[in-house]
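Once you know that position 76 of the sequence shown is 76 in UniProt numbering, the rest is easy, because the numbers rise by one and skip nothing.
Notes to accompany the following structure.
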Amino acid sequence: MDGCVFCGIVAGEVPAFVVTDEPDGVAFLDTRPVFKGHVLVVPRTHLVTLSDLPDDALPGYFRLVRRIAVAVETGLGSGGTFVAMNNRVSQSVPHLHTHAVPRTKGDGLRGFFWPRTRYADDAEAADFAARVSAALA
Numbered sequence: 001m002d003g004c005v006f007c008g009i010v011a012g013e014v015p016a017f018v019v020t021d022e023p024d025g026v027a028f029l030d031t032r033p034v035f036k037g038h039v040l041v042v043p044r045t046h047l048v049t050l051s052d053l054p055d056d057a058l059p060g061y062f063r064l065v066r067r068i069a070v071a072v073e074t075g076l077g078s079g080g081t082f083v084a085m086n087n088r089v090s091q092s093v094p095h096l097h098t099h100a101v102p103r104t105k106g107d108g109l110r111g112f113f114w115p116r117t118r119y120a121d122d123a124e125a126a127d128f129a130a131r132v133s134a135a136l137a
C-alpha cells in the first residue's frame, strides 16, 4: 500500500534491520524499541488489524511470531519476552504488527507505559538483528 512504511520494508524499499523475511511475514527491529532487540513481525500483505488477517494465514503468521519470541529470548539471553499487538488504538503504523520485546526481571517495564530507547548506531542495531536471526529455529 502506498505510503505504508511497513509495506515499504516488506518490499525492500525502506531500509530496516531485518531479522527474517519469509512467506508468512517479515520480522525486523523496531526503530524505537522498548528495549534493544525489540522485534516487529508483520504480514507481507497490507492488513490493518488482527481481524483482517485471513483464517488461512493465522497458523503461519503466529508460528512466525512464536519463533521470533523464542529467538529474541535465546539470541539475546533475555529472561523472557513480552508479545503484544495493538488494534487501531495506540497502533502507530496502521499495518498489522506484533511486538516481541525482550524482558529481564527488574527491567522497569510496568503496565502499558512503554518507554522507548535508541540504538547507539547502525552497527549496534545490526548486531541485535543478527543475534536474533541466528537464534531462529
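The C-beta atom is built at its ideal place from N, Cα and C for all residues, glycine as well.
Check: With respect to the alpha helix (DSSP H) encompassing R131, which residues constitute its N-terminal and C-terminal limits?; Outcome: 122-134
Check: Quick test of the definition: if touching needs 3 or more C-beta pairs under 8 Å, does the segment 93-113 touch the segment 37-45?; Outcome: yes
Check: What did DSSP end up calling D55 once you bin it into helix, strand or coil?; Outcome: helix
Check: Between the alpha carbons of T45 and S92, how many angstroms are there, rounded?; Outcome: 18 Å
Check: If you run the structure through DSSP and keep just helix, strand and coil, what is F6?; Outcome: helix
Check: When the Cα of C84 is compared with those of T74, A69, A123, which residue comes out closest?; Outcome: Per the sequence presented here, residue 84 reads as Ala, with Cys not at that position. For A84, the nearest C-alpha among the options comes from A69.
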